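Data first, discussion second: the structure below is written as structure tokens.
Protein chains in written order, with my numbering: chain A, 1 to 318; chain B, 1 to 267; chain C, 1 to 117.
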């Protein structure tokens, strides 16, 4: 008993030393439960958010206004599904020792145990939203994802490397739509401004609360301890402002926050905090489109159950 | 060539290009409605590539039409009313009950069968078009042909596996085969100007294409222990003559919703 | 249905070759019910944007992987100069003494030339 405890402690020290030395942890390596748990939570949510994130944009795939845009947005939404595939695979290897599979992840999504990003619970009522999602939601995602490119967990870091390479295309796809609208007719300009107004609060929320006090919990400290991510939620949000606020303004668009400005003295962006209680509601599947999108996912799963049933290898009789 | 025959030949060519373009365009559109709803995440990704390829092929044909003075290709794809469309009716049919955003209960068996039949037919046409007398079309056919290998391989695997699975899957597949067969004559039809197309060397005779299709499908069915029914009907009408269903009307309304809000704007 | 619960999701590892002269490279893993489907899913999932001339699919359970302990056996001392040219660098000077060029890697690998057709 004593020996076993000693052994685990020793393993734990070795584990931290490996991370400290910049080594990558692999799926079959020993890892503390806390590490596995936080990875599962982080990566399953990231993965399922890609899958659910395909749905708001998917609304605009058949409606895209030109052949070129139809092709571009199809490829973009396809990538989201592809990113979901990569991340679910990474998660599935982490949950395998716990006897769980993709089927369990899907069920967790349907029961509400597995959450997806706040932004994908929101409405996307116009083509402007399709552009904005590509430009700013993906922009925000690029900022959080590149922050984890050197994550200590090897399979996640490798999946992110693939994902980030494709996100560059997504950002430009979004920029192209936005640019056309910004340089277009008055209606088109209004379309994009409305989309910004609609999405601004959600974009702020995307990075999560600045500290645990806002929503009552935060896994920021644990992810930092294990070398999974380096910057805090607030630092990432500030990075987002630095990269995107000047670009938004340069197109003659406005930000729906009159307090928004860069404080030279403090060297940070000052902004109006979003309503974090609303954030909590939204990620609990009580956002404007949560139920509809979950229903779509659920239907596609149930409706095609016969396909999975038909092709499941029949158990060998011994 | 007199002006009159020149015009007639031009008409036959344009007719053929519309058939090819509209077929690929509407099927790719139906495929795009499936995005995010396929039976398996990995399949969702693969299927989307096929839809992108197919819409890419439609774009190449619309581009040829644009060069022939028919108008801008985006207008050709988005602004033509249903009665002007030359696609086969089976390709415009909905994926199943429901709407792509509301309670879609799409039928994967129909998707597999429709795509498998279509890929086989498309391959036969494309092979014929490779030696089309209209060089720009022959060049496009060579390009399209490259991507068709994958489409055929992909749908072939699904088609065979679901039929061989037995039980509910086989029943669903057989039902879908009946649905597709009843209207598939439309896909292999060259329409009222078919004879002109053949005379001008644009594409082989309809009968040849149909015969080759049968030669392709019969052994596939035999290997699966099924009897191949070579009666390909046009139960819902003749798409090549502009006859279409409500399904196409609804699809056009959706796919041109944004375009219609301002057809001259840059999007 | 619960009997066959997890069987649709078989794990396959995907390898691909970028060009005819390239070696096989590991890509990623996917789930599929059998290898035929795994094969038709592989390219579009992992190589949508890059050239590929060949694909291998391997069922994960057929791979004899190393355990973390076995991976420790892979480290070795860097004292094996005699296995490569580095350990024979002094020959250059020797040959110079005999007024000859050293036949180094670059020189030797340039001898192949092109096969005449």
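No residue lacks a Cβ here, since even glycine has one placed at the ideal position from N, Cα and C. In this text, all values refer to a predicted model and were calculated from it rather than measured experimentally.
- Query: Are the segment 5 to 22 of chain C and the segment 139 to 146 of chain B touching by the rule of at least three beta carbon pairs closer than 8 Å?
  - Reply: no
- Query: For residue 43/B, which of helix, strand or coil comes out of DSSP?
  - Reply: Along the second chain, read from residue 1 onward, the residue named residue 43/B stands at position 43. Residue state, collapsed to three classes: helix.
- Item | Contact under 8 Å by Cβ, residue 181/B with residue 86/B | Position 181 of the second chain, counted from the first residue, corresponds to residue 181/B. Position 86 of the second chain, counted from the first residue, corresponds to residue 86/B. Cβ distance not < 8 Å, so residue 181/B and residue 86/B don't count as in contact.
- Message: For residue 266/A, count the other beta carbons within 10 Å of its own beta carbon; 16 or more makes it buried, fewer makes it exposed. Which is it?
- Response: Taking the first chain and counting its residues from 1, the one referred to as residue 266/A is at position 266. The residue in question, residue 266/A, is exposed, as its Cβ has fewer than 16 Cβ neighbours within 10 Å.
- Task: Count the CB pairs spanning the segment 74 to 86 of chain B and the segment 78 to 93 of chain A that are closer than 8 Å, and state whether there are at least three.
- Result: no
- Starting from residue 12/C and walking both ways along the beta strand (DSSP E), at which residues does that stretch end? Locating residue 12/C in the third chain gives position 12, counting from the first residue. Start and end: 10 to 17.
- Message: Only counting the same chain, and skipping five residues up and downstream in sequence, which positions put a Cβ closer than 7 Å to that of residue 48/B?
- Response: Within the second chain, numbered from 1, the residue matching residue 48/B stands at position 48. Here the set comprises 35.
- If you draw a straight line from the alpha carbon of residue 110/C to that of residue 52/C, how long is it in whole angstroms? Position 110 of the third chain, counting from 1, holds the residue named residue 110/C. Position 52 of the third chain, counting from 1, holds the residue named residue 52/C. If you take the alpha carbons of residue 110/C and residue 52/C, they lie about 28 Å apart.
- Item | Close-in-space but distant-in-sequence residues of the same chain around residue 162/A (CB under 7 Å, 5 per side omitted) | Taking the first residue of the first chain as 1, we reach residue 162/A at position 162. Answer for residue 162/A: 86, listed in chain order.
- Message: Suppose you measure from the CA of residue 176/B to the CA of residue 115/B; what does that come to, to the nearest Å?
- Response: Residue 176/B sits at position 176 when you count from the first residue of the second chain. Residue 115/B sits at position 115 when you count from the first residue of the second chain. Using only the alpha carbons, I get a separation of about 11 Å.
- Span of the beta strand (DSSP E) holding residue 30/C? Taking the third chain and counting its residues from 1, one reaches residue 30/C at position 30. Taken as a continuous stretch (DSSP letters only), the beta strand (DSSP E) holding residue 30/C covers 25 to 32.
- Message: Quick check on the burial criterion: 16 or more other C-beta atoms within 10 angstroms. Buried or exposed for residue 33/A?
- Response: Residue 33/A sits at position 33 when you count from the first residue of the first chain. Answer is exposed; the Cβ neighbour count stays below 16.
- Task: Using a Cβ cut-off of 7 Å, pull out every chain B residue sitting near residue 107/C, in sequence order please.
- Result: Against the third chain, residue 107/C aligns to sequence position 107. Result: empty, since nearest Cβ-Cβ is about 42 Å, beyond 7 Å.
- Keeping to the same chain, check which residues put their C-beta closer than 7 Å to that of residue 202/A; ignore five residues upstream and five downstream. Taking the first residue of the first chain as position 1, residue 202/A is located at position 202. Result list for residue 202/A: 118, 119, 122, in chain order.
- Message: Strictly below 7 Å CB to CB, what residues from chain B border residue 48/C?
- Response: Residue mapping note: residue 48/C aligns to position 48 of the third chain, counting from 1. Going along chain B in sequence order, the residues near residue 48/C (Cβ under 7 Å) are 49.
- Item | Nearest-angstrom Cα separation, counted from residue 127/B out to residue 140/B | Within the second chain, numbered from 1, the residue matching residue 140/B stands at position 140. Within the second chain, numbered from 1, the residue matching residue 127/B stands at position 127. The alpha-carbon atoms of residue 140/B and residue 127/B are separated by roughly 11 Å.
- Query: Leaving out the 5 sequence neighbours to the left and right, which residues in its chain are closer than 8 Å to residue 175/A when beta-carbon positions are compared?
  - Reply: Indexing the first chain from 1 puts residue 175/A at position 175. Counting only Cβ-Cβ distances below 8 Å, and skipping sequence neighbours, we find 134, 135.
- Task: Assign residue 66/C to buried or exposed, taking buried as 16 or more other Cβ atoms, counted over all protein chains shown, within 10 Å of its Cβ.
- Result: Translated into the one-based positions of the third chain, residue 66/C becomes position 66. Burial call: exposed.
- Evaluate residue 208/B with the Cβ neighbour count: other Cβ atoms within 10 Å of its Cβ, from every protein chain shown; 16 or more gives buried, anything less gives exposed. By one-based count along the second chain, residue 208/B stands at place 208. So residue 208/B ends up on the exposed side.
- Could you list which residues in chain A have their beta carbon closer than 9 Å to that of residue 51/C, in chain order? Start at 1 with the first residue of the third chain, and residue 51/C comes out as number 51. Per Cβ cutoff of 9 Å: no residues; residue 51/C is ~16 Å from chain A at best.
- Would residue 279/B count as contacting chain C if we go by Cβ distances under 8 Å? Nothing about residue 279/B can be read from this structure; chain B reaches only from 1 to 267.
- residue 148/B burial status per 10 Å Cβ neighbour count (16 or more: buried): Here residue 148/B corresponds to residue number 148 of the second chain, with the count starting at 1. Under this definition residue 148/B is a buried residue.
- Mind checking if residue 182/A is an interface residue toward chain B, Cβ cutoff 8 Å exclusive? For the purposes of this step, residue 182/A is identified with residue 182 of the first chain, where counting begins at 1. It does not: the Cβ of residue 182/A has no partner Cβ on chain B nearer than 8 Å.
- Query: Closer than 8 Å, CB to CB, is residue 62/C near chain A or not?
  - Reply: Taking the first residue of the third chain as position 1, residue 62/C is located at position 62. No, residue 62/C does not count as interfacial toward chain A.
- Message: Measuring only the C-alpha atoms, how far is residue 108/C from residue 57/A?
- Response: For the purposes of this step, residue 108/C is identified with residue 108 of the third chain, where counting begins at 1. For the purposes of this step, residue 57/A is identified with residue 57 of the first chain, where counting begins at 1. Their Cα atoms are separated by approximately 57 Å.
- residue 58/C at chain B interface by Cβ criterion, 8 Å: As a first step, residue 58/C must be located in the third chain, where it is residue number 58. So, not an interface residue.
- Considering only the beta carbon of each residue, do residue 258/B and residue 65/A sit closer than 8 Å? Sequence index remark: in the second chain, residue 258/B carries index 258 (1-based). Sequence index remark: in the first chain, residue 65/A carries index 65 (1-based). Closer than 8 Å, so yes.
- Listing by chain order, which chain B residues have their CB less than 7 Å from the CB of residue 285/A? On the first chain, position 285 is the one that residue 285/A refers to. The contacting residues do not exist; residue 285/A stays about 18 Å from chain B at best.
- Message: On the criterion of 16 or more Cβ atoms from any shown chain inside 10 Å, does residue 223/B qualify as buried, or is it exposed?
- Response: One-based indexing of the second chain puts residue 223/B at position 223. So residue 223/B ends up on the exposed side.
- Message: For the segment 26 to 45 of chain C, list every residue whose C-beta sits within 7 Å of some C-beta in chain B, in sequence order.
- Response: 30, 31, 32, 36, 37, 40, 41, 44, 45
- Query: So, is the C-beta of residue 153/B closer than 8 Å to a C-beta in chain C?
  - Reply: The residue given as residue 153/B occupies position 153 in the second chain. Closer than 8 Å: yes.
- Does residue 139/B have its Cβ less than 8 Å from a Cβ in chain A? The sequence position of residue 139/B within the second chain is 139, counting from 1. False, the Cβ-Cβ gap to chain A never drops below 8 Å.
- residue 306/A (DSSP reduced to helix, strand or coil): Here residue 306/A is taken as the residue at index 306 of the first chain, counted from 1. Three-state result, residue 306/A: helix.
- Message: Can you check whether the C-beta of residue 120/B is within less than 8 Å of a C-beta belonging to chain C?
- Response: Within the second chain, the letter at position 120 stands for residue 120/B. With 8 Å as the cut-off, residue 120/B does not count as an interface residue toward chain C.
- Starting from residue 54/C, trace the beta strand (DSSP E) both ways and give me its first and last residue. Walking along the third chain from the start, residue 54/C turns up at place 54. Counting along the chain, the beta strand (DSSP E) containing residue 54/C begins and ends at 54 to 59.
- Limits of the alpha helix (DSSP H) - the one that residue 261/A falls within: As a first step, residue 261/A is located in the first chain; it is residue number 261 there, counting from the start. Run containing residue 261/A: none in the alpha helix (DSSP H); it sits in the beta strand (DSSP E), 261 to 263.
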